[in-house]
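Trainee: Residue numbering for the sequence shown follows this note's numbering, starting at 39 and increasing by one per position.
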Amino acid sequence: MTPPATTNRHTLIIQTSFKSPTAVGTSCGTSDTSGAPFKLVLKVPLPTSPVIVGYDPGETAAIVALDFQGQLLLLRTFKGGNPKAVELLRSHQIRPVIMASDKARQASVAKLATSFKARPYFPDRDLSIPEKTRLTSGLRFGNDHERDALAAALQAFRVHQSLINRVVSALLNREVANVRKAVEALDNPPHQPKTPSKPPSRSAPGQEARIKALELKVALLKNRLEARQTQVAELKTKLARADRRFPVPGKTLSGQAKAEREARLRLEVALADAHSRVLGIEAEMQKLKQAVKRGDRDRQEDIRQQIFRMIADYKQRFRK
Numbered sequence: 039m040t041p042p043a044t045t046n047r048h049t050l051i052i053q054t055s056f057k058s059p060t061a062v063g064t065s066c067g068t069s070d071t072s073g074a075p076f077k078l079v080l081k082v083p084l085p086t087s088p089v090i091v092g093y094d095p096g097e098t099a100a101i102v103a104l105d106f107q108g109q110l111l112l113l114r115t116f117k118g119g120n121p122k123a124v125e126l127l128r129s130h131q132i133r134p135v136i137m138a139s140d141k142a143r144q145a146s147v148a149k150l151a152t153s154f155k156a157r158p159y160f161p162d163r164d165l166s167i168p169e170k171t172r173l174t175s176g177l178r179f180g181n182d183h184e185r186d187a188l189a190a191a192l193q194a195f196r197v198h199q200s201l202i203n204r205v206v207s208a209l210l211n212r213e214v215a216n217v218r219k220a221v222e223a224l225d226n227p228p229h230q231p232k233t234p235s236k237p238p239s240r241s242a243p244g245q246e247a248r249i250k251a252l253e254l255k256v257a258l259l260k261n262r263l264e265a266r267q268t269q270v271a272e273l274k275t276k277l278a279r280a281d282r283r284f285p286v287p288g289k290t291l292s293g294q295a296k297a298e299r300e301a302r303l304r305l306e307v308a309l310a311d312a313h314s315r316v317l318g319i320e321a322e323m324q325k326l327k328q329a330v331k332r333g334d335r336d337r338q339e340d341i342r343q344q345i346f347r348m349i350a351d352y353k354q355r356f357r358k
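(1) Can you look up residue 156 in the DSSP assignment and give me helix, strand or coil?
(2) For residue 124 versus residue 89, is the C-beta spacing smaller than 8 Å?
(3) Could you tell me whether the Cβ atoms of residue 189 and residue 104 are closer together than 8 Å?
(4) Looking at C-alpha atoms only, which residue of 152, 139, 111 is the closest neighbour of residue 132?
(5) Using only the alpha-carbon positions, how far apart do residue 142 and residue 121 sit?
(6) So what's residue 329 in DSSP terms, helix, strand or just coil?
(7) Could you tell me the alpha carbon to alpha carbon distance between residue 263 and residue 113, rounded to whole angstroms?
(8) If distances are taken between C-alpha atoms only, which option among 329, 146, 187 comes closest to residue 140?
(9) Report yes if the CB atom of residue 359 is closer than 8 Å to the CB atom of residue 147, and no otherwise.
(10) Quick one: residues in its chain with C-beta nearer than 8 Å to the C-beta of residue 268, no 5 flanking neighbours on either side, listed in chain order?
(11) By DSSP's criteria, residue 116 is part of a beta bridge. Which residues make up the other side?
(12) Within 8 Å of any Cβ in chain B, is that where the Cβ of residue 135 sits?
(13) Can you list, in chain order, the residues of its chain with a C-beta nearer than 6 Å to that of residue 326? Leave out the 5 residues immediately preceding and following it.
(14) Whole angstroms is fine: what's the gap from residue 312's alpha carbon to residue 184's?
(15) Leaving aside the five residues before and after residue 249 along the sequence, list all residues of the same chain whose C-beta is less than 6 Å from its C-beta, in chain order.
(16) Under three-state DSSP, which class holds residue 142?
(17) So residue 91 and residue 137 are in contact, right, with Cβ under 8 Å, and what is the actual spacing, rounded?
(18) DSSP state of residue 105, grouped into three classes?
(19) When the Cα atoms are used, what is the spatial distance from residue 316 to residue 253?
(20) When you compare only the Cα positions, how much space is there between residue 344 and residue 328?
(21) Could you name the residues of the same chain whose beta carbon sits closer than 8 Å to that of residue 117, not counting the 5 residues immediately before and after it, in chain order?
(22) For residue 149 and residue 336, I'd like the C-alpha separation in whole angstroms.
(23) For residue 345, which of helix, strand or coil comes out of DSSP?
(24) What would DSSP say about residue 121, mapped onto helix, strand or coil?
(25) Report yes if the CB atom of residue 173 is closer than 8 Å to the CB atom of residue 193, and no otherwise.
(26) Just curious, the alpha helix (DSSP H) that residue 167 is in, first and last residue?
(27) Would you kindly report the start and end of the unbroken alpha helix (DSSP H) that includes residue 186?
(28) Can you tell me which residues form a DSSP beta bridge with residue 89?
This is the structure:
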């Protein structure tokens, strides 16, 4: 069985292949009667994901939407202000729970948040251009407006990381139940013959969208890595203070100082592991881009599934 792949934020696809000497079919798969490989595709509806929206208002505005698992749902530049922003979000069935700005205060963002009963997020101060460049490093966007909206969404993601982790954990628990039912259905497919159909071809724009989504996931992993680096720096400062309090070699540290030192060591080990995993994911991203350029679809799918597995392993390792 191939690993599940998400085609959009509402559907999970699980598929498997096997040979059958007789006619086999399901309402959600294809088959034949010649003993050729039979592919069964099952679509499982998923719960709607909470969404963070980054909004850069103005005469030319931009809006970005990403779910709590880092899936890019919308990236658009437009004219028409808040009414057009509302239209875009509703047409894509997006209901934000957080509406983010890159400015310390912005009335248009607050009004748009009210339209969707979302929580507005404003940074303590306006994000500087270097900060926005760092937040969006490695991601592709069309202009400065999209950069600002994307930076706002990513900054909100970082600030609300603890809340997001709790929500994602709850959603995953619900999705696991759906996947378990899907697997049970795969093990016992109904026997209803159906005419074979060709799998939909993948267009170049579709590949571009998948690459952009994967790039966003890598950027989110980098943000988590930076957050852990900040934790390590804070603990190193505390440890240095503890060492100054106990300058005599061999003198016993207090229980609190010992705990701080142990925590620092654990975080440094985790940081090294996280850094290695992010580098591995970035390397796979480069392989995927090369495969797209060559038009090697089989290789593209293999690499995509490998990236999904690596990201899932990363999230499992650093869930807390």
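Beta carbons: idealized from backbone N, C-alpha and C, even for Gly.
All figures in this text were calculated on a predicted structure; none of them were measured in a lab.
Mentor: Reading it off the structure:
(1) Walking along the sequence shown from the start, residue 156 turns up at place 118. Coil, per DSSP.
(2) Here residue 124 refers to the residue found at position 86 when the sequence shown is read from its first residue. Here residue 89 refers to the residue found at position 51 when the sequence shown is read from its first residue. Not closer than 8 Å, so no.
(3) Counting from 1 along the sequence shown, the entry for residue 189 is found at position 151. Counting from 1 along the sequence shown, the entry for residue 104 is found at position 66. Not closer than 8 Å, so no.
(4) Here residue 132 refers to the residue found at position 94 when the sequence shown is read from its first residue. Of 152, 139, 111, the residue nearest in Cα terms is 111.
(5) To locate residue 142, count along the sequence shown from 1; it is residue 104. To locate residue 121, count along the sequence shown from 1; it is residue 83. In a straight line, the C-alpha of residue 142 is about 22 Å away from that of residue 121.
(6) In the sequence shown, the residue the question calls residue 329 occupies position 291. Here residue 329 sits in helix by DSSP.
(7) Numbered from its first residue, the sequence shown carries residue 263 at position 225. Numbered from its first residue, the sequence shown carries residue 113 at position 75. In a straight line, the C-alpha of residue 263 is about 24 Å away from that of residue 113.
(8) Counting from 1 along the sequence shown, the entry for residue 140 is found at position 102. Among 329, 146, 187, the Cα nearest to that of residue 140 belongs to 187.
(9) An answer regarding residue 359 cannot be provided, because it is not within the stretch 39 to 358 covered by the chain.
(10) Taking the first residue of the sequence shown as 1, we reach residue 268 at position 230. Taken in chain order, the list of residues that qualify is empty.
(11) Residue 116 sits at position 78 when you count from the first residue of the sequence shown. DSSP lists 99 as partners of residue 116.
(12) The displayed structure is made up of one protein chain only, and chain B is not part of it.
(13) Stepping through the sequence shown from its first residue, residue 326 is reached at position 288. Closer than 6 Å at Cβ, skipping near neighbours: 341.
(14) One-based indexing of the sequence shown puts residue 312 at position 274. One-based indexing of the sequence shown puts residue 184 at position 146. Between residue 312 and residue 184, the C-alpha separation is close to 28 Å.
(15) Mapped onto the sequence shown, residue 249 falls at position 211. Close CB contacts of residue 249 within its chain, under the 6 Å cut and outside five residues either way in sequence, are absent.
(16) Walking along the sequence shown from the start, residue 142 turns up at place 104. If DSSP states are grouped into helix, strand and coil, residue 142 belongs with coil.
(17) As a first step, residue 91 must be located in the sequence shown, where it is residue number 53. As a first step, residue 137 must be located in the sequence shown, where it is residue number 99. That pair is a contact at about 5 Å.
(18) The residue given as residue 105 occupies position 67 in the sequence shown. Residue state, collapsed to three classes: strand.
(19) Working through the sequence shown from its first residue, we reach residue 316 at position 278. Working through the sequence shown from its first residue, we reach residue 253 at position 215. Computed Cα separation, rounded: 11 Å.
(20) In the sequence shown, the residue the question calls residue 344 occupies position 306. In the sequence shown, the residue the question calls residue 328 occupies position 290. Taking the Cα positions, residue 344 is about 15 Å away from residue 328.
(21) What you label residue 117 is simply residue 79 of the sequence shown in a count that begins at 1. The answer, listed in chain order, is 97, 98, 99.
(22) The residue you call residue 149 lines up with position 111 of the sequence shown. The residue you call residue 336 lines up with position 298 of the sequence shown. Computed Cα separation, rounded: 47 Å.
(23) Mapped onto the sequence shown, residue 345 falls at position 307. Correct three-state label for residue 345: helix.
(24) Residue 121 sits at position 83 when you count from the first residue of the sequence shown. Helix, per DSSP.
(25) Taking the first residue of the sequence shown as position 1, residue 173 is located at position 135. Taking the first residue of the sequence shown as position 1, residue 193 is located at position 155. It is a contact, given that the beta carbons lie within the stated cut-off.
(26) Along the sequence shown, one-based indexing puts residue 167 at 129. Counting along the chain, the alpha helix (DSSP H) containing residue 167 begins and ends at 167 to 173.
(27) Looking up residue 186 in the sequence shown gives position 148. Its alpha helix (DSSP H) spans residues 182 to 197.
(28) As a first step, residue 89 is located in the sequence shown; it is residue number 51 there, counting from the start. DSSP lists 105, 134 as partners of residue 89.
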